[in-house]
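Residue numbers are given in our numbering: position 303 of the sequence shown equals residue 306, and the series is strictly consecutive. Built from N, CA and C at the ideal position, the CB exists for glycine as well.
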Amino acid sequence: MHVPSKCRVCREPAIIDLPRHNANFCAEHFLELCRRQVTKAIEQWKLLDHDDRILVAVSGGKDSLAVWDLLIELGYRADGLYVGLGIGDYSDVSADHARAFARSRDLHLIEISLRGEYGYDIPTAAKATRRVPCSACGLSKRHLFDKAAIDGGYTALVTGHNLDDEAAVLLGNTLRWEIDYLARQLPLLPARDGFPKKVKPLVRLTERETAAWCVVRGIDYLVDECPMAVGNKHLHHKATLNAIEAESPGSKASFYLNFVERMAPLLAGRLADDREALGTCAECGAPTSGEVCAFCRLVTIASAHE
Ligand code: AMP
Ligand code: FES
Ligand code: ZN
Ligand code: ZN
Numbered sequence: 004m005h006v007p008s009k010c011r012v013c014r015e016p017a018i019i020d021l022p023r024h025n026a027n028f029c030a031e032h033f034l035e036l037c038r039r040q041v042t043k044a045i046e047q048w049k050l051l052d053h054d055d056r057i058l059v060a061v062s063g064g065k066d067s068l069a070v071w072d073l074l075i076e077l078g079y080r081a082d083g084l085y086v087g088l089g090i091g092d093y094s095d096v097s098a099d100h101a102r103a104f105a106r107s108r109d110l111h112l113i114e115i116s117l118r119g120e121y122g123y124d125i126p127t128a129a130k131a132t133r134r135v136p137c138s139a140c141g142l143s144k145r146h147l148f149d150k151a152a153i154d155g156g157y158t159a160l161v162t163g164h165n166l167d168d169e170a171a172v173l174l175g176n177t178l179r180w181e182i183d184y185l186a187r188q189l190p191l192l193p194a195r196d197g198f199p200k201k202v203k204p205l206v207r208l209t210e211r212e213t214a215a216w217c218v219v220r221g222i223d224y225l226v227d228e229c230p231m232a233v234g235n236k237h238l239h240h241k242a243t244l245n246a247i248e249a250e251s252p253g254s255k256a257s258f259y260l261n262f263v264e265r266m267a268p269l270l271a272g273r274l275a276d277d278r279e280a281l282g283t284c285a286e287c288g289a290p291t292s293g294e295v296c297a298f299c300r301l302v303t304i305a306s307a308h309e
């Protein structure tokens with residue numbers, strides 16, 4: 004006979020099982036757990052203050068809508084930023100989800116279009132650079148997030164990176180011992196000349212949990228993954244970690260969270276070294292180690308390629 008599982012807190016019927024916490028939860032107590040994990044992350048790593056002016060980068064997917072929703076619920080002031088990447092229908096639909104959420108909560112959403120403002124899109128940039136789309140995409144997003152935050156006078160830039168994202172990137176960087184990338188893989192990067200403070204408040208939640216947050220809260224998010232990212236290494240690393248997690252629940256969280264607690268402090272010197280070498284881009288003024296920043300070089304190559 005099937006015995007319905009019960010919420011660990013109130014013993015009412017559960018809606019989700021979380022083997023990592025060795026427990027099941029009803030809707031109300033699941034939301035409570037998510038709020039607690041985000042609050043714990045914010046307090047543990049001093050990610051945000053209530054007087055921060057926050058800009059949340061929103062893609063229309065579950066993670067970024069969940070983090071925006073959570074921060075507003077927890078009493079923070081946060082606007083959204085959507086970057087139109089020009090990836091066909093995928094981008095059109097993702098914009099619709101970001102706008103609909105902002106409208107439903109009466110929140111302010113800033114929109115930037117790569118094609119409209121810089122004369123290229125991600126598929127064109129991928130062809131022009133002859134590299135995987137994710138590299139031009141990541142470079143463009145990072146630059147535009149920083150610029151929008153600085154230009155808008157925001158004190159914190161928030162992204163929706165979750166535990167699965169961070170653990171997968173950590174695995175990739177560890178397999179290659181990318182020490183400089185590892186040193187920067189933190190839930191908080193403080194502001195420095197020309198860069199805003201960067202914060203990842205969802206690193207204590209898995210993607211299954213952020214999806215469930217959206218479902219329970221009635222947030223209509225874009226379920227599809229980016230069509231250009233299909234088959235990338237990041238997705239393989241996620242699958243690998245999920246296989247390990249299934250054998251041994253809690254491994255993913257301890258891999259990432261113990262890295263932050265035990266290993267990252269040993270790499271702190273690398274972050275400081277990195278700091279000294281930056282000048283400003285001759286074209287856009289952004290911080291860079293070269294004369295012209297990588298984004299301006301990409302714009303030149305991609306906008307000339309049709
Ligand atoms: P990704 O790089 O696609 O894994 O996304 C990581 C985070 O970047 C998301 O959680 C969002 O916070 C942000 N993001 C991704 N795509 C966009 C976009 N088109 N516009 C604004 N923010 C985005
Ligand atoms: Fe960047 Fe797909 S979202 S390549
Ligand atoms: Zn309950
Ligand atoms: Zn530049």
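- Where does Asn27 sit, in a helix, a strand or coil, going by DSSP? DSSP, reduced to helix, strand and coil, places Asn27 within a strand of the structure shown.
- Task: Assign Ser251 to one of three DSSP states: helix, strand, or coil.
- Result: Here DSSP, grouped into helix, strand and coil, assigns Ser251 to coil.
- Item | Reference Asp54, options Glu31, Arg80, Phe148, closest by Cα | Its Cα nearest to that of Asp54, the residue Arg80 stands out among Glu31, Arg80, Phe148.
- Task: Identify, in the order they occur along the chain, each residue of the same chain with its Cβ nearer than 6 Å to the Cβ of His240, setting aside the five sequence neighbours on each side.
- Result: Sequence-distant partners of His240 (beyond 5 residues in either direction) whose C-beta falls short of 6 Å from its own C-beta, in its chain, are Ala171, Leu174, Gly175.
- Message: Tell me the DSSP secondary structure of Ala98 in three-state form.
- Response: Helix.
- Residue closest to Ala267, alpha-carbon to alpha-carbon, out of Leu238, Leu117, Asn165, Glu181: When each option's Cα is compared against that of Ala267, the closest is Glu181.
- Message: Given a cut-off of 8 Å on the beta-carbon distance, is the pair Leu238 and Lys255 in contact?
- Response: No, Cβ-Cβ distance for Leu238 and Lys255 is not below 8 Å.
- Task: Would you check if the distance between the CB atom of Met231 and the CB atom of Ile115 is smaller than 8 Å?
- Result: Not in contact: Met231 and Ile115 (Cβ atoms no closer than 8 Å).
- Task: Spell out the partners DSSP gives Thr283 in its beta bridges.
- Result: Beta-bridge pairing links Thr283 to Pro290.
- Compute every distance between the C-beta of Asp66 and the non-hydrogen atoms of ligand 1, then say whether any falls below 7 Å. Yes, Cβ of Asp66 sits closer than 7 Å to a heavy atom of ligand 1.
- Query: Would you say Ser62 touches ligand 1, meaning its beta carbon is less than 7 Å from a heavy atom?
  - Reply: Indeed, a heavy atom of ligand 1 lies less than 7 Å from the Cβ.
- Item | Under the three-state DSSP convention, the category Val70 falls into | DSSP places Val70 in helix when its eight states are reduced to three.
- Is any heavy atom in ligand 1 found nearer than 7 Å to the beta carbon of Asp124? No, ligand 1 has no heavy atom inside 7 Å of this Cβ.
- Task: Check whether the stretch 132–143 touches the stretch 30–47, taking contact to mean three or more Cβ pairs, one atom from each stretch, closer than 8 Å.
- Result: In this structure the stretch 132–143 does not touch the stretch 30–47; the number of beta carbon pairs closer than 8 Å is below three.
- Whole angstroms is fine: what's the gap from Glu169's alpha carbon to Gly141's? Whole-angstrom Cα-Cα distance: 15 Å.
- Query: Between Ala289 and the rest of its own chain, which residues show a CB-CB distance below 6 Å, the 5 nearest in sequence each way excluded?
  - Reply: So the list reads Cys296, once near-sequence residues are dropped.
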